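Colleague: Sharing a structure here in structure tokens format.
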Amino acid sequence: MARSFVRQGVNIICNHMTVSTPRKLGLNPAKELVETSGITIYSAIPEPLLNILDKKLDNCFKCKIPHKKWDGLAAFFAGIAIAATVVVVVVTAPVSGPMIAAIAASAVATAAATTAVAGTVAAAATSYLCYKLSHDCDIIFNAQWQNYHETVLIESQNALLSSSSMMCPVGGKLEIIIDDVLALNAAKIISRANNDDVFWNETNKFINGILAFATGGPFGATIASALEIYNTATDDGKDKSFAEGSVDSSIDATVAFEADTIKKIVTTSPYLWEDFIKDLKKGIYGAVVGFAIDQYFKKLERDDDSNAGNAAKQYNDNDEKLSKISNNAINIISTTQG
């Protein structure tokens, strides 16, 4: 199949993107954008042609992986906070009347508003940073292009083709889309699926927090929170397989129960066998329910991840068919790759 060479400004998508517009691929920043320095310019559309050293994006994709990582941690703490607030209202309202309930409800509303404002500020800050020279997607400088032309060289390096792709170090796949309309439609579908993926993860983590408090109380939830923070901090950011992340809720509930039980054994005198059995049942119920909930949401996440990948492949295949007639085609066609 004939494949087009590509120029600076060509559309590029990633199956992990959460933004609804494609990014543009440009020259390696080490190159100078002047014809006398050896940059190959296509005269009909005066933009440099790209080779395998060119990996610079005009903006970041706002990858779903760090969103799932950090937003999930925030959702976990939100679940604990909501569960704790509900306990305060239920326990104290009959004694203190509607005043304490109103105060607690106000606290929840304030916390929600604060979270929303913080999220807005964070989003604005992220958008600002993405316009700077460096951004998160510069990580792809450590990756290698695939499906480039093996015999045609541009500036002594293998030429990129419309079929070229790259695997990001955190698991996403970047693909070139020549046609603007196809690239925009692909970005919309992929980002919608990935944002749904992030939402399901946040919902799952939120329920994790509720279960951790329900099965372990304040002390158990504190220990589970410490484990959640550690796991998040040591996460290398790479996409996790189903087996690696399929039992989050049950683990959090179990850790919370174990921590609370140990605390009771150490501090409660006497801690009766009947009490232990009662707490054990609660811990088992929490772990089982957590596992079932986790499996449900992980299934939704996997479906969205699959939808994003399928959309990227479908639109890339369609672009290959249109690469010779697209308005963005540069009419320099490779008939072979090697």
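Mapping of the sequence shown onto the UniProt record's numbering: residues 1 to 338, in sequence order.
For glycine and all other residues, C-beta sits at the position ideal for the given N, C-alpha and C.
Note that the coordinates shown come from a computational prediction; the quantities given were computed from them, not determined experimentally.
Kindly indicate the opening and closing residues of the beta strand (DSSP E) around V10.
Modeller: Working through the sequence shown from its first residue, we reach residue 10 at position 10. Unbroken beta strand (DSSP E) run through V10: 10 to 14.
Colleague: Reducing DSSP to helix, strand and coil, say where Q157 ends up.
Modeller: Counting from one through the sequence shown, the residue named residue 157 turns up at place 157. DSSP places Q157 in strand when its eight states are reduced to three.
Colleague: So, does the region 297 to 316 touch the region 7 to 17, judging by three or more C-beta pairs under 8 Å?
Modeller: They touch, by the three-pair rule.
Colleague: Determine the direct distance from the alpha carbon of T203 to that of N318, and round the result to whole angstroms.
Modeller: As a working note, residue 318 is residue 318 in the sequence shown. As a working note, residue 203 is residue 203 in the sequence shown. The alpha-carbon atoms of N318 and T203 are separated by roughly 35 Å.
Colleague: Pick from L25, L300, C63: whose alpha carbon is nearest that of S162?
Modeller: Indexing the sequence shown from 1 puts residue 162 at position 162. Minimum Cα distance to S162 is reached at L25.
Colleague: Buried or exposed for N142, please, with buried defined as at least 16 other CB atoms from any protein chain shown within 10 angstroms of its CB.
Modeller: Locating residue 142 in the sequence shown gives position 142, counting from the first residue. By the neighbour-count rule (16 or more Cβ atoms within 10 Å), N142 is not buried but exposed.
Colleague: Starting from the Cα of A187, find the closest Cα among N307, G9, H67, M17 and give me that residue.
Modeller: Sequence index remark: in the sequence shown, residue 187 carries index 187 (1-based). It is M17 whose Cα lies nearest to the Cα of A187.
Colleague: Is Y131 buried or exposed, if buried means 16 or more other CB atoms sit within 10 Å of its CB?
Modeller: Translated into positions along the sequence shown, residue 131 becomes position 131. Bear in mind that a pLDDT of 33 at Y131, under 50, signals an unreliable position, so the model cannot answer this.
Colleague: Would I65 and V170 be called neighbours here (beta carbons separated by less than 7 Å)?
Modeller: Counted from its first residue, the sequence shown places residue 65 at position 65. Counted from its first residue, the sequence shown places residue 170 at position 170. Yes, the Cβ-Cβ distance between I65 and V170 is below 7 Å.
Colleague: Identify which residue in K68, P48, R302, F5 has its Cα closest to the Cα of E150.
Modeller: Here residue 150 corresponds to residue number 150 of the sequence shown, with the count starting at 1. Nearest of K68, P48, R302, F5 to E150, Cα basis: F5.
Colleague: Spatial neighbours of residue 341 within its chain, please: C-beta separation below 6 Å, excluding the five flanking residues on both sides.
Modeller: The requested residue 341 does not occur in the structure, where the chain is confined to residues 1 to 338.
Colleague: What whole-angstrom Cβ distance do F219 and D248 have, given they're in contact under 8 Å?
Modeller: Residue 219 sits at position 219 when you count from the first residue of the sequence shown. Residue 248 sits at position 248 when you count from the first residue of the sequence shown. Actually they do not touch by this definition, with Cβ atoms about 20 Å apart.
Colleague: To which residues of the same chain is Y148 closer than 7 Å at the C-beta, ignoring the five residues directly before and after it?
Modeller: Along the sequence shown, read from residue 1 onward, the residue named residue 148 stands at position 148. Around Y148: I52, N158, A159, L160, L161, S164.
Colleague: Measure the beta-carbon distance from D179 to L322 and round it to whole angstroms, keeping in mind my assumption that it falls under 8 Å.
Modeller: Counted from its first residue, the sequence shown places residue 179 at position 179. Counted from its first residue, the sequence shown places residue 322 at position 322. 5 Å between Cβ atoms; contact.
Colleague: When you compare only the Cα positions, how much space is there between I140 and L153?
Modeller: Mapped onto the sequence shown, residue 140 falls at position 140. Mapped onto the sequence shown, residue 153 falls at position 153. Roughly 21 Å between the two C-alpha positions.
Colleague: So F257 and F76 are supposed to be a Cβ contact under 8 Å. How far apart are they, rounded?
Modeller: Here residue 257 is taken as the residue at index 257 of the sequence shown, counted from 1. Here residue 76 is taken as the residue at index 76 of the sequence shown, counted from 1. Contact doesn't hold; Cβ gap of about 16 Å is too wide.
Colleague: Does A123 pass the burial test, meaning 16 or more other C-beta atoms within 10 Å, or should it be called exposed?
Modeller: As a first step, residue 123 is located in the sequence shown; it is residue number 123 there, counting from the start. Any answer about A123 is weak, because its pLDDT of 43 lies below 50 and its placement is not dependable; what the coordinates show is given next. When all chains shown are included, A123 counts as exposed.
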